[in-house]
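Okay, so here's the structure we're looking at.
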RNA sequence: GUGGAUGUAGCUCAACGGCAGAGCGCCUGAUUGUGGUUCAGGUGGUUGAGGGUUCAAGUCCCUUCAUCCACCCCA
């Protein structure tokens, strides 16, 4: 016997066993269904991209996080594993422009790779779930993104969530209003974005530590904390900032469309402390948080009108959303938001095998159920019935079908529902509907 | 990249420097046509790896690997 290989996965990479995988699929299928409902269509791109495609925009910081993927013999065309789905989208739009019709509405659910040190909820391979609209400059597109976000979270049964809305230009305007030099704007975004985490005092302290003038900090904090639900918020800040290219028109327009669309006022909010990191955003930005209890953010997105310009002389206006699907799945596990029919198995019926002599009859029963659309497992060898029941019970299969000598003789199949022990005898001709009935009445 | 914690049976964890254990799981039987509950028996280990101290190391020391947590970063 040769020495065995240690069974382990690379750091930050995971296996998903069937029970987990079925929950993941449910979440992705539910989201996909709503994407379709809004007219978004799927896009697929390679896991590998040319290294230059990925590095163009983000430079050194990205370099450390990117997995290279080199073919053993080739030194041409350095390759790397994609670390998001947005850059590939921008590339596809530029590369296949003539084959697409605009507005181009696509969604993409697929794994991406980052060489980060793994931590809770952070892996080196994880799924991203994006929906974007390319080719529409107006806020109608942004509004559709927000509306769809609300529909999706509703469909997933989240009892409470808030879609925070802000505007990149407004953040800049607030910084300038406070007398902040342009060079310090990124510091501003970074600190302000931690508002939920470290509070107003924490942000103030961090801004001061970042060498920002105390006066500027005070003026800014006053504006940022101006908080009233609804559009009163917008009025207050408009008065302070005056007119200008500060994004307030966009936000007002968004507020109107969302209101007209009938979105519950409790599910979105204009929040000037939300910053979405550094990024490529140029217009309205969105982030959904679960705040009761405070469980952090589950979506992030916004308008990024310049990104396609990475690959094309003239850019195309783009807005979109990314669902933090790993985090959503975590929260759904914790909050137990899955529908009851998602059990430990998708098998609906187990057909037992009594003996060698009756195994053909059992197989016919199983195939009849399968043909009728019932997920059916046929036990593989004749063993004690108790063993076969025990297997069904352990796996969570709701119905056990028995075709023993007595039943075969009478042209019947005995059905037993494990949850309550209910038993019926059904003629072969009526089998599928009897099983469906027992499943339904469950 | 920085700091902290933890590695013992398939899983969750015990064991003062002195015979490596428990619960759960798994297997067999009680029960040869019926699961869960119960009872009886059984299977289970290079104590992450390597070195050192000691009469004696799961335990103490050093190295290393892995995992988790908090930072940094988050496109």
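Numbering (this note's numbering), first residue to last: 9 to 450.
Ideal Cβ placement from N, Cα and C applies to all residues, glycine included.
Note to self: With a threshold of 6 Å on Cβ separation, who are the neighbours of residue 116 within its own chain once the five nearest residues in sequence on each side are excluded?
What the structure shows: Cβ within range, chain order: 51, 93 and 138.
(message) Given a cut-off of 7 Å on the beta-carbon distance, is the pair residue 170 and residue 299 in contact?
(response) When the beta-carbon positions are compared, residue 170 and residue 299 come within less than 7 Å of each other.
Cα-Cα separation, residue 306 to residue 283:
Distance between the alpha carbons of residue 306 and residue 283: 15 Å.
Handout entry: residue 261 and residue 147 closer than 7 Å at C-beta
Key = It is a contact, given that the beta carbons lie within the stated cut-off.
Where residue 99 and residue 62 are concerned, what is the direct C-alpha to C-alpha distance, given to the nearest angstrom? Between the C-alpha atoms of residue 99 and residue 62 there is a straight-line separation of about 10 Å.
Review point. Using the rule of at least 16 other Cβ atoms within 10 Å of the residue's Cβ for burial, across every protein chain shown, is residue 183 buried or exposed?
Key: Buried.
Indicate, with yes or no, if the ligand MN has a heavy atom lying under 6 Å from the CB of residue 245. Among the components modelled here there is no ligand, and therefore nothing to report on the ligand MN.
My assumption, with CB atoms under 8 Å, is that residue 403 sits in contact with residue 359. Please give the rounded CB distance. Their Cβ separation, rounded to whole angstroms, is 14 Å, which puts residue 403 and residue 359 out of contact at 8 Å.
- Using a Cβ-Cβ cut-off of 8 Å (strictly less than) and excluding sequence neighbours within five positions of residue 87, which residues of its own chain qualify? Taking residue 87 as the centre and dropping the five residues before and after it, the same chain places the C-beta of 56, 57, 58, 59, 76, 77, 78 and 79 closer than 8 Å to its C-beta, in chain order.
### Query
In terms of residues, what are the limits of the alpha helix (DSSP H) holding residue 441?
In this chain, the alpha helix (DSSP H) harbouring residue 441 covers 439-448.
### Option in 313, 112 and 416 with minimal Cα separation from residue 4
Here the chain comprises residues numbered 9 to 450, so residue 4 is not present and cannot be evaluated.
ask   = Between residue 113 and residue 141, is the Cβ-Cβ spacing less than 7 Å?
value = Contact flag set, yes.
- Buried/exposed call for residue 431, threshold 16 Cβ in 10 Å: By the neighbour-count rule (16 or more Cβ atoms within 10 Å), residue 431 is not buried but exposed.
Discussion item. Whole angstroms are fine: how far does the CA of residue 353 sit from the CA of residue 344?
Written reply: Their backbone Cα atoms lie some 17 Å apart in a straight line.
task = Report yes or no: do three or more beta-carbon pairs, one from the region 319-332 and one from the region 149-158, lie closer than 8 Å?
result = The region 319-332 makes contact with the region 149-158, as at least three CB pairs between them are under 8 Å.
*Could you check if residue 175 is buried or exposed, using at least 16 other CB atoms within 10 Å of its CB as the buried criterion?*
Around the beta carbon of residue 175, 16 or more other beta carbons lie within 10 angstroms, which makes this residue buried.
Check: Which value, in whole angstroms, describes the spacing of the CA atoms of residue 448 and residue 243?
Finding: Distance between the alpha carbons of residue 448 and residue 243 is about 54 Å.
- Start and end residues, alpha helix (DSSP H) containing residue 182: Per DSSP, residue 182 is one residue of the alpha helix (DSSP H) stretching across 176-185.
*asked:* Per the DSSP calculation, residue 141 is bridged to which residue(s)?
replied: As computed with DSSP, residue 141 is found in a beta bridge with 113 and 327.
Review point. Is residue 224 closer than 7 Å to residue 186 when the C-beta atoms are compared?
Key: The criterion of a C-beta distance shorter than 7 Å is satisfied by residue 186 and residue 224.
**Asked** What whole-angstrom Cβ distance do residue 32 and residue 24 have, given they're in contact under 8 Å?
**Response** Yes, residue 32 and residue 24 are in contact; Cβ-Cβ is about 6 Å, under 8 Å.
**Asked** Got a sec? Which residues, its chain only, sit under 8 Å from residue 103 by beta carbon, not counting five neighbours each side?
**Response** Closer than 8 Å at the Cβ level, and outside the excluded window around residue 103, lie 319.
_Give the list of continuous beta strand (DSSP E) stretches no shorter than 3 residues that lie fully inside the region 79-135._
Listed in chain order, the complete beta strand (DSSP E) runs (minimum 3 residues) inside the region 79-135 are 87-89 and 112-121.
Option nearest residue 136 by Cα separation, candidates 110, 196, 95 and 190: Residue 95 is the option with its Cα nearest to residue 136.
- Would you please state the rounded distance, in angstroms, between the beta carbons of residue 406 and residue 425? I believe it to be under 8 Å. In this structure residue 406 touches residue 425 by the C-beta definition: roughly 6 Å separates them, less than 8 Å.
For a quick check, are the C-beta atoms of residue 73 and residue 20 less than 7 Å apart? 7 Å or more divides the Cβ of residue 73 from the Cβ of residue 20.
Item to complete: From the DSSP output, read off the bridge partner residues of residue 76.
Response: According to DSSP, residue pairing for residue 76 in a beta bridge involves 88.
Worksheet item: Buried or exposed: residue 128, going by 16 or more other Cβ atoms within 10 Å of its Cβ?
Response: By the 10 Å Cβ count, residue 128 comes out exposed.
Run through the region 358-430 for me and flag every whole beta strand (DSSP E) of 3 or more residues, listed as ranges in chain order. Listed in chain order, they are 384-386, 407-410 and 420-425.
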